[in-house]
Structures are given as C-alpha cells and as structure tokens.
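Next up, the structure:
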C-alpha cells in the first residue's frame, strides 16, 4: 500500500509539473512588465503606480509575475504578491546561500540602469528553494523589479 501511494504521488506530481511550467512567466514577460511599470510611474506618478502594483488582481500581477519596488534605502514601497512587507527595510535580507540580494537588486538598477540579478528563493507554488532571476530597472531613486523562477 505504501509503495502504491508513493507511485500515485509521483505520478500526480509528474502530471502537474508540465502544466505549472507552462504557466510560469518568461524573462521577456518580466522585462515587459518592468517597462510598463516604470512608464506608469513616469506618466501617473508614484501614488497611482503603487496603488496599481499592489492590487492582487491588478494589471501588474500575472501568474507568478508581479512588480516589487524598493527605494534607495531598501524599503519595499510596493509589492504585488506580499503587501505585508510594504514599508519594511529589506536591505540586509539574504537568500538561501547568504547572498545580500536586495543590495544587488538596488545596486544593479541604480548603477547600471537595468539588469538581471540571480539568487535562490522559495517558490510560493512549490515551497522549494529555487533559482530565481529578477530583472530590475531604475526609475529615479526607485528600483522596479520583476522576477522569474528558473527551471
């Protein structure tokens, strides 16, 4: 019976994984979302942009893609997936390997204008620590970000 349950479990997992992978956001979609977000900040201002970014069912949340915005001090000022961290300082936050990835996100955006940052982070769907790649762009003193889980 135990062997049968294991078999069914792995069979079930095998059936889910391709469907989940098909529903993951792509690098191109992450870049496009960040570009739309920075354009909205420029056009409508921070308050309206942050309101839209923070809407769970809004235009800046799509499957596993969402916008996160940090100020230059590492304060999360908008987050489409976790409103509980808005207003919190995350500058010293580290990934599973001890990398200060928030600093890397801000440095990449503020010094280079845009780019990708790699780190390890728990996937909210699988609950497993996975490789994540986040695209960032500078918008004044803000860092606008959208990440993808890499398979």
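In my numbering, the protein residues as written are 74 to 224.
We put the CB at the ideal spot given by N, CA and C, even for glycine.
All of these numbers come straight from a predicted model, not from anything done at the bench.
For residue i, the first and last residue of its enclosing alpha helix (DSSP H)
i           : result
residue 201 : No alpha helix (DSSP H) contains residue 201, which DSSP labels as neither H nor E.
Where residue i falls, given that 16 or more other Cβ within 10 Å makes a residue buried
i           : result
residue 216 : buried
residue 220 : buried
residue 205 : buried
residue 201 : exposed
residue 151 : buried
residue 130 : exposed
residue 207 : buried
residue 112 : exposed
Residues near residue i by beta carbon distance below 6 angstroms, same chain, minus five either side
i           : result
residue 211 : 182, 183 and 186
residue 196 : 203 and 222
residue 188 : 181
residue 98  : 136, 137, 138 and 221
residue 166 : 175
Cutoff 8 angstroms; reference residue i; Cβ partners in own chain excluding five residues on either side
i           : result
residue 96  : 136 and 137
residue 146 : 162 and 164
residue 108 : 210
Residues that DSSP places opposite residue i in a beta bridge
i           : result
residue 215 : 212
residue 177 : Bridge partners of residue 177: none, in fact.
residue 225 : Residue coverage of the chain in this structure runs from 74 to 224, which leaves residue 225 outside it and unanswerable.
residue 65  : In the structure as shown, the chain starts at 74 and stops at 224, and residue 65 therefore has no counterpart that could be examined.
residue 220 : 207
Segment limits, beta strand (DSSP E) that includes residue i
i           : result
residue 186 : Premise fails: residue 186 is in no beta strand (DSSP E) and is neither H nor E.
residue 151 : 149 to 152
Proximal residues to residue i (C-beta, below 7 angstroms), its chain only, five neighbours per side dropped
i           : result
residue 168 : 174, 192, 193 and 194
residue 133 : 106, 110, 125, 126, 139, 140 and 153
residue 172 : 192
residue 119 : none
For the region 114 to 147, list the alpha helix (DSSP H) runs that are entirely contained and at least 4 residues long, ordered along the chain. You should have 119 to 126.
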